[in-house]
Amino acid sequence: METGGKAESTARRPFDQGSAGLFIVLKLAKKEQESAPYSILAQIYDFVMDHVDYAAWAAYIARLLSHHQVTAQSLVDISCGTGSFCLSTALNKLQVYGCDGSSEMVRQAICKAAKKRRRSLFWCADMAAFASRRRFDCVVSLYDSMNYLLEESQWRQCLLRVEEALEPGGVFIFDVSTLRNSRDFFNRFVQKEQNQQVVYRRKSYFEERQKIQHNEFAITFRNNPQQIYHEHHRQRIRSLAEIEELIEETPFAILGQYNGFSLQAGSDQSERVHFVLQKPQERTVKTSTSRA
Ligand SMILES: C[S@@+](CC[C@H](N)C(=O)[O-])C[C@H]1O[C@@H](n2cnc3c(N)ncnc32)[C@H](O)[C@@H]1O
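Letter by letter, the sequence shown follows residues 93 to 384 in our numbering.
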């Protein structure tokens, strides 16, 4: 999760003279737990992302749809997280659905929808194995969620599933975080933040050889300060050419790839690129003719 950075908000306090013994005892008493990505982070995800304007993101997606003259009545977000995008009022005119691979993130989305008195339309599913009986006009995957697909085979599966879930002429809009973003902004980056509920630290580094972006979270809730939860997130960062090659294997046409939240062409110099893919109106059926 290569979120935009927030300034370091906690100053390190030196320990009082003579408190070293106490410090060792406290340190020994700490309980450390390795947890699956988003299993604990889900509880504080909205705090971690409070700098993100989801309404503006929803407006941008609507702009991409109208730019490509796509009329959408239904949309599914296949990595919906805690549902902030889906629940944005900017999407009020659409039938919006959301699913995500993390049951804890989906639980947060369902709670949020209930608090907003919105019908809950969220479920748990892997992007690479997602299936739906109904068809949608638009499928989205946002905030570098596609970067979580580490293997090419997962990308192929995901593109296949999305294509199946779209109406003919429907579009798949997703964004990716770029190699430049990892190299320039998320290599050896440390962020610490806290509020009344939680203290968390995020350590980010980029493994150039494997092109893996690592984000390691250490999370402590104030009501249980001895417990530290660790989550290690791994994302594969691909060049735009690699992504285009994967798309070319599918029936999708690339309508555009855009720099950040603009309508300017994206490039490997962009930090984030939004892709807009369209399912053909009619499926091309390859037939073989045999001669007598
Ligand atoms: C950075 S968060 C973005 C969430 C949301 N799109 C947002 O903008 O807040 C990445 C999301 O991708 C989800 N995710 C990662 N791998 C996934 C997979 N294989 N299938 C479905 N969801 C996945 C995570 O559970 C997480 O909710």
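Here a beta-carbon is modelled for each residue, glycine too, at the ideal position from N, C-alpha and C. Note that the structure is a prediction, hence the values are computed from the model and not measured.
Counting C-beta neighbours from all protein chains within 10 Å, is the total for residue i 16 or more, i.e. buried, or is it exposed?
{"i": "S354", "result": "exposed"}
{"i": "K371", "result": "buried"}
{"i": "R280", "result": "exposed"}
{"i": "I346", "result": "exposed"}
{"i": "E196", "result": "buried"}
{"i": "D108", "result": "Residue confidence for D108 is low, a pLDDT of 43 falling below 50, so the modelled location carries little weight and cannot support an answer."}
{"i": "E323", "result": "buried"}
{"i": "A134", "result": "buried"}
{"i": "A164", "result": "buried"}
{"i": "Q200", "result": "buried"}
{"i": "Q373", "result": "exposed"}
{"i": "T181", "result": "exposed"}
{"i": "D145", "result": "exposed"}
Does ligand 1 have a heavy atom nearer than 8 Å to the CB of residue i?
{"i": "A220", "result": "yes"}
{"i": "V168", "result": "no"}
{"i": "A217", "result": "yes"}
{"i": "G193", "result": "yes"}
{"i": "T174", "result": "yes"}
{"i": "Y292", "result": "no"}
{"i": "L241", "result": "yes"}
{"i": "V144", "result": "yes"}
{"i": "Y321", "result": "no"}
{"i": "Y235", "result": "yes"}
{"i": "Y137", "result": "yes"}
{"i": "Q246", "result": "yes"}
{"i": "S331", "result": "no"}
{"i": "S296", "result": "no"}
Please name the residue in the options whose C-alpha comes closest to that of residue i.
{"i": "G262", "options": "L157, E285 and A151", "result": "L157"}
{"i": "I304", "options": "F278, Q286 and G190", "result": "F278"}
{"i": "S171", "options": "Y130, R211, E244 and V140", "result": "Y130"}
{"i": "E297", "options": "N287, R275 and Q288", "result": "In the sequence on display, residue 297 carries Tyr and not Glu. Comparing Cα positions, the closest option is R275."}
{"i": "A154", "options": "K185, V198 and L213", "result": "K185"}
{"i": "S272", "options": "A147, S359, M141 and I136", "result": "Per the sequence presented here, residue 272 reads as Arg, with Ser not at that position. Nearest option by C-alpha distance: S359."}
Legend entry - Unbroken stretches of the alpha helix (DSSP H), 4 residues or longer, contained in the region 108 to 180: For the region 108 to 180, whole alpha helix (DSSP H) runs of length 4 or above, ordered along the chain, are 112 to 121, 133 to 140 and 146 to 159.
Inset, instruction - Output the residue ranges of the beta strand (DSSP E) runs that lie fully inside the region 283 to 371 and measure 3 residues or longer, sorted by chain position. - result: You should have 290 to 299, 304 to 313, 319 to 328, 345 to 351 and 364 to 370.
Inset, instruction - Say whether the region 323 to 332 touches the region 230 to 242, bearing in mind that this needs 3 or more beta-carbon pairs closer than 8 Å, one atom from each stretch. - result: The answer is yes - the region 230 to 242 touches the region 323 to 332, with three or more Cβ pairs under 8 Å.
Legend entry - Three CB pairs or more closer than 8 Å across the region 252 to 271 and the region 360 to 370: Enough Cβ pairs lie closer than 8 Å, so yes.
Legend entry - Continuous alpha helix (DSSP H) assignments of at least 4 residues falling wholly in the region 228 to 279: List check, alpha helix (DSSP H) in window: 244 to 257 and 271 to 277.
Legend entry - Touch test, the region 241 to 254 against the region 212 to 225, Cβ-Cβ under 8 Å, three pairs minimum: Yes: at least three Cβ pairs fall under 8 Å.
Legend entry - the region 306 to 322 contacting the region 332 to 342, beta-carbon criterion three pairs below 8 Å: The region 306 to 322 vs the region 332 to 342: no contact.
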